[in-house]
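Contents: one structure, followed by commentary.
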Amino acid sequence: MSTLVEIEIWSDVVCPWCFIGKRRLEAALADFEHADEVDVVYRSFELDPTAPQHGHESTLTTLSRKYGRSEAEMRQMMQHVKDTAAEVGLDFRIFENVHTNTVDAHRLLHLALAEGGAAVQGDLKERLLSAYFERAEDVGDHAVLRAEALAAGLDAARVDAVLASDEFRSQVWADVDAARRYGATGVPFFVIDRAYGISGAQPTELFASALQQAWDASHPVLTPLGAETGAEACGPDGCAI
């Protein structure tokens, strides 16, 4: 029985480098001959747990204040991110984004994993990232979250129940604690088979190399010994006596 390679990705749905890193990993997987034996699971990481649930202030303004830069300087920095995103086929609308809370998005991602598995969770993750960065929607808004969750195939009653409660909040916190134990201070943060850590939206080539290294480690090739002695053995056609 083949052993799956597991990739755990700590990220946030309002992190531009998480979306870019996702595309770079996907490019590496597209060329990896064992891609169908790789399991990708998303873990929660909140970049700003204090952000308002329904954001009204633009991300540009929030970041300018946080880092003590003028909005013109911050716009230039964000343009670099937008240009980098375009290189992997993403059309970011980051100048229209609002600063918003993401805990409910993470709780729905846990619901997706629990009830639909990694494939459904991955679909929802893509939808939430696209909603925020490509359509400039507020992913703290329950109406937006509900629409994307239903589009990913989740049960409407379960989605409503989760959004109306604190269900899966402890799992979100547990993910954040796990990231800190690994030494992660930012996202994206990739962990392959709980043995290899990759910080940041690294180049596709690095992901490709890490995938191959993880595969080789979990699928060792035997080194034959004694072949030169020509010792007798039975083969598929029987035994020569």
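Under our numbering, the residues of the sequence shown are numbered 27 to 267, in order. Think of the CB as a built atom: it goes at the ideal place given N, C-alpha and C, for glycine as much as any other residue.
Work out the CA separation of residue j and residue i for me, nearest whole Å.
i	j	result
residue 117	residue 108	7 Å
residue 49	residue 200	26 Å
residue 190	residue 149	22 Å
residue 72	residue 38	6 Å
residue 162	residue 76	20 Å
residue 156	residue 40	10 Å
residue 180	residue 152	14 Å
residue 202	residue 258	58 Å
Determine, using beta carbons only, whether residue i and residue j come nearer to each other than 8 Å.
i	j	result
residue 86	residue 121	yes
residue 241	residue 60	yes
residue 188	residue 126	no
residue 221	residue 69	no
residue 64	residue 31	yes
residue 10	residue 80	Past the boundaries of the shown model lies residue 10; the chain is included only from 27 to 267, so the question cannot be answered.
residue 106	residue 194	no
residue 54	residue 230	yes
Under three-state DSSP, which class holds residue i?
i	result
residue 244	helix
residue 32	strand
residue 19	Since the first residue shown for the chain is 27 and the last is 267, residue 19 is missing from the structure and cannot be characterised.
Going by DSSP, name the residue or residues bridged to residue i.
i	result
residue 93	Paired residue(s): none; residue 93 is not in a bridge.
residue 37	70
residue 216	35, 224
residue 84	124
residue 65	32
Quick one: measure Cβ to Cβ for residue i and residue j, integer angstroms, because I've assumed they're closer than 8 Å.
i	j	result
residue 47	residue 227	3 Å
residue 84	residue 123	7 Å
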